[in-house]
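In what follows, a structure is listed as structure tokens, so that the remarks can point back to it.
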Amino acid sequence: VCVKTEESSLLQQRQTEHREETQGEDISSEPHFHSETEGHTEVHTGEKLFRCQTCNKTFTQKRHLDGHVRTHTGEKPFRCQTCNKTFTQKHNLDRHVRTHTGEKPFRCQTCNKTFTQKINLDGHVRRHTGEKPYSCATCEKTFTRKDLLNLHMRVHTGERPFNCTVCNKTFNQKAILNLHTRTHTGEKPFRCQTCNKTFTYKNSLARHVRIHTGEKPYSCATCEKAFTQKGTLRLHMRQHTGEKPYSCATCEKTFTHNSSLAHHRKTHTPFSCPTCNKTFPFKSKLDNHVRTHTGEKPYSCSTCGKTFGQKSSLAYHRRRHTGEKPYRCSVCEKDFGDKSTLNSHMRTHTGHKPYSCTTCEKAFSRKRKLNLHMRTHTGERPYNCTVCNKTFTQKGHLDTHMRVHTGEKPYSCTTCEKTFARKFELESHVRRHTGEKPYKCSLCDKKFAQLSALTYHKKTHTGEKPYGCSVCEKTFLVKSHLNSHMRTHTGDKPFKCTVCNMTFYLKGILDAHMRTHTGDKPYSCTTCEKTFARKDGLHLHMRQHTGERPYSCLICNKTFAQASSLTYHRKTHKGEKLYSCQTCNKTFTQKISLDKHVRTHTGEKPYSCTTCKKTFARKDVLGSHIRTHTGEKPFQCQTCNKTFTHKTSLDRHVRRHTGEKPYNCTACNKTFNQKGILDIHMRTHTGEKPYNCTACNKTFNQKCILDIHMRTHTGEKPYSCTTCEKTFARKSTLAHHRTTHTGEKPLSGAED
1 VCVKTEESSL
11 LQQRQTEHRE
21 ETQGEDISSE
31 PHFHSETEGH
41 TEVHTGEKLF
51 RCQTCNKTFT
61 QKRHLDGHVR
71 THTGEKPFRC
81 QTCNKTFTQK
91 HNLDRHVRTH
101 TGEKPFRCQT
111 CNKTFTQKIN
121 LDGHVRRHTG
131 EKPYSCATCE
141 KTFTRKDLLN
151 LHMRVHTGER
161 PFNCTVCNKT
171 FNQKAILNLH
181 TRTHTGEKPF
191 RCQTCNKTFT
201 YKNSLARHVR
211 IHTGEKPYSC
221 ATCEKAFTQK
231 GTLRLHMRQH
241 TGEKPYSCAT
251 CEKTFTHNSS
261 LAHHRKTHTP
271 FSCPTCNKTF
281 PFKSKLDNHV
291 RTHTGEKPYS
301 CSTCGKTFGQ
311 KSSLAYHRRR
321 HTGEKPYRCS
331 VCEKDFGDKS
341 TLNSHMRTHT
351 GHKPYSCTTC
361 EKAFSRKRKL
371 NLHMRTHTGE
381 RPYNCTVCNK
391 TFTQKGHLDT
401 HMRVHTGEKP
411 YSCTTCEKTF
421 ARKFELESHV
431 RRHTGEKPYK
441 CSLCDKKFAQ
451 LSALTYHKKT
461 HTGEKPYGCS
471 VCEKTFLVKS
481 HLNSHMRTHT
491 GDKPFKCTVC
501 NMTFYLKGIL
511 DAHMRTHTGD
521 KPYSCTTCEK
531 TFARKDGLHL
541 HMRQHTGERP
551 YSCLICNKTF
561 AQASSLTYHR
571 KTHKGEKLYS
581 CQTCNKTFTQ
591 KISLDKHVRT
601 HTGEKPYSCT
611 TCKKTFARKD
621 VLGSHIRTHT
631 GEKPFQCQTC
641 NKTFTHKTSL
651 DRHVRRHTGE
661 KPYNCTACNK
671 TFNQKGILDI
681 HMRTHTGEKP
691 YNCTACNKTF
701 NQKCILDIHM
711 RTHTGEKPYS
721 CTTCEKTFAR
731 KSTLAHHRTT
741 HTGEKPLSGA
751 ED
């Protein structure tokens, strides 16, 4: 005879039996009972009177059958009044409502932790007691909760009862199906309160939040090293315990990491190719390899008909059509099209680098990166440009380089339709529209739109300049700057203007030059809307608004907005001229200035014009000269729009508008708008006449006056009257002569 009591222990036993009856319907479900005695008799008899007409599953009570039937019909009659979410069973709704109210009515008597569900409390309590009452009949593994055992059993049975209606992928847990569904809907319900980034999974948000808080909750009990992720701690602990859970089935060697085992397996190669004798660790690998000889491609894409030699290649290809990326990183939620790429990505979080260089012992997270690195030792550059014969270590670099020749720009901005040759250039450009600066300096909190800019910036804290020129020993912060600098030694100018054929040693200089043809000024001031052709021009201009003067003199602490202004200022400090000319003892503040000066003694003119072969002692003078061929006048007056070939000519012209006369005579305080005019004026005080006539030794204080004087010896008369063709040695004499034809009264002081 059964004695029915109201003790809670018997009620808990009944709840357990209920969960066994409804297993598979909903994980961690908390049952709802109408009365304590309802259906009690069936517990003893084991009789199950109610059968599902769809799947033949039987139940002891009709309400259990009704709840089960809804899993087939999809009916969800119970609706949340707060968010309108619907549920198949009332107890699921009750549990859900607690997520809104925050109610956690079930409390642990040991540690006071509270729970929304009784079953979760029961499972938690067993962590304190160590009790695991549910045992697997197949492998004897034990569990604290019945639902965990049910899930585990599917490992043995292979049962995956939960099916995705979009892609038909199956899962062994309803909760995992729910998470998977978000990959189709794009739902990311978990939001970071600090930066508003959203996540698909709650645990992904929890890991992300630690980036802001710096929290590392997982601590090693041996060495007290802390980690943000439990999995990383688990891997670390193996260094102390010596645990190597991954064993090679061939030689029984053990490994700490699964990836290390996979790498090791390749050393066993029992399967040999009969064609080329190459060996493989697995027969499937050999079969795939043999097809490279036979050309067989048995796997065909049903969408586009493309064929593949490997099944995995077909599966990967299909995802291009579907857009599916089924492999998701549990740390940052990035999605991947194949498992191997995900595995490689995970090493960026764990720091594990299983591939080691045998030459320099540098380690890498991916085999491909090791292979690329090995070429730095072997010098191998297997990819060759068919246009210019330039070679590359990577095919991707060759593909990108080819766009220099083809002009192809496959990456397009959806906001302004600007196109780019490289994907990272587009990504950097898009941040101009969004203002996003995801890269933050850990030392000064300054943010950057590009990772390369952050890397470059960090070196300003350390002073590191790791890239040294092998010719002149100059050092640089970044490799690209060294590469650009090397072209000053080699003379290589690989970037050519398609309009005027002018060549440049930097892509950025070519881009800036092209704007002289197109008139494009893509950089705009957000304060006054003034536009600029070059980004550095905008940066300099912005300092007029901000008052920023980042360049400081180490001697007098005077600050400047431009580096060139600081360089010029330094020369005003006496005793600062460290570089001395061995011929005339003139001193200079910079070595480059000394080098230019020495050429005035040696007559060396290393810079040659490719058009007329004229040579020059200075590179900037050559650059100015080239514009006489191209007609380029890149310097424009913002007041009257007049353009100039040289920056100095523009500066002089601007002073006509402003009236500025920055050059001051220290003897009589007279001011001038040009440095050259001041130099000539100073000779009226010093009496210096540096220009000497080689015919009669007469001296002059200006070169132009010497040139006019020389015509008295040579008889040259370069100025010709267009009316009577009479010639003259001086321009002023020609001007005076013209008045005899026009009857015009001559002007005094005509320019020679």
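Counting with the UniProt record's numbering, you get residues 1 to 752 for the letters of the sequence shown. No residue lacks a Cβ here, since even glycine has one placed at the ideal position from N, Cα and C.
- Euclidean distance between Cα positions of L579 and K409: In the sequence under discussion, the amino acid at residue 579 is Tyr, which differs from the Leu named in the question. Distance between the alpha carbons of Y579 and K409 is about 48 Å.
- Query: Hey, quick one: how far does the alpha helix (DSSP H) through K703 stretch, first residue to last?
  - Reply: K703 to T714
- Alpha-carbon to alpha-carbon, T142 and residue 754: The first residue shown for the chain is 1 and the last is 752, placing residue 754 beyond what the model contains.
- Item | Nearest candidate by alpha-carbon position, reference G231, set A363, C388, H257 and A315 | H257
- Item | Where Q636 sits in the DSSP three-state scheme | strand
- Message: For E464 and T475, what's the separation of their Cα atoms in angstroms?
- Response: 9 Å
- Task: Please check the pair R730 and I708, which I expect to be a contact at CB under 8 Å, by giving their CB distance rounded to whole angstroms.
- Result: 6 Å
- Query: Straight-line CA distance for C556 to H681?
  - Reply: 30 Å
- Going by the C-beta, is N664 closer than 6 Å to any heavy atom of the ligand COA? No copy of the ligand COA appears in this structure; indeed no ligand is present at all.
- Residues near K238 by beta carbon distance below 6 Å, same chain, minus five either side: Going by the sequence as given, residue 238 is Arg instead of Lys. Within the same chain, R238 has close Cβ partners T256.
- What are the start and end residues of the alpha helix (DSSP H) that includes R160? Careful: R160 lies outside any alpha helix (DSSP H) and carries neither H nor E.
- Message: According to DSSP, simplified to helix, strand and coil, what is Y719?
- Response: strand
- Query: According to the Cβ coordinates, are C192 and H208 closer than 7 Å?
  - Reply: yes
- Closest residue to A667 among D679, G659, A449 and T658 (Cα-Cα distance): D679
- With distances taken between CB atoms, is the gap from Q115 to K104 smaller than 7 Å? The sequence given here has Phe at residue 115, not Gln. In this structure, K104 lies closer than 7 Å to F115 by Cβ.
- Message: So K458 and C441 are supposed to be a Cβ contact under 8 Å. How far apart are they, rounded?
- Response: 6 Å
- Message: Looking at the secondary structure, which residues open and close the alpha helix (DSSP H) in which T322 lies?
- Response: K311 to T322
- Between C668 and chain B, is there a C-beta pair that is closer than 7 Å? The displayed structure is made up of one protein chain only, and chain B is not part of it.
- Task: Measuring alpha carbon to alpha carbon, tell me which of F560, G623, P438 and C665 ends up nearest H646.
- Result: G623
- Return the residue from the list C223, T516 and I592 that minimises the CA-CA distance to F532. T516
- Excluding five sequence neighbours on each side, which residues of the same chain lie with their C-beta closer than 7 Å to the C-beta of T138? H156
- Query: Would E548 be called buried (16 or more neighbouring beta carbons within 10 Å of its own) or exposed?
  - Reply: exposed
- Task: Please name the residue or residues paired with G468 in a DSSP beta bridge.
- Result: T475
- If you compare alpha carbons, which of R432, T181 and F364 is closest to Y201? T181
- Going along the chain, which residues of its own chain have a beta-carbon closer than 6 Å to the beta-carbon of H263, five neighbours each way excluded? P354
- Message: Please classify H333 as buried or exposed, where buried requires at least 16 other C-beta atoms within 10 Å of its C-beta.
- Response: Just to set this straight, residue 333 is Glu in the shown sequence, not His. Under this definition E333 is a buried residue.
- Message: Taking 6 Å as the limit between beta carbons, can you name the residues of its chain near R652, skipping five residues before and five after?
- Response: Q674
- Which same chain residues, not among the five before or five after Q495, have their C-beta less than 8 Å away from its C-beta? Position check: residue 495 holds Phe in this sequence, whereas Gln was assumed. Closer than 8 Å at Cβ, skipping near neighbours: V404, T503, F504, Y505, L506, K507, I509 and L510.
- T359 vs H373 beta-carbon contact at 7 Å: no
- Item | R422 versus T294 - alpha carbon distance | 37 Å
- Message: Please report the distance separating the alpha-carbon of C553 from that of T559.
- Response: 6 Å
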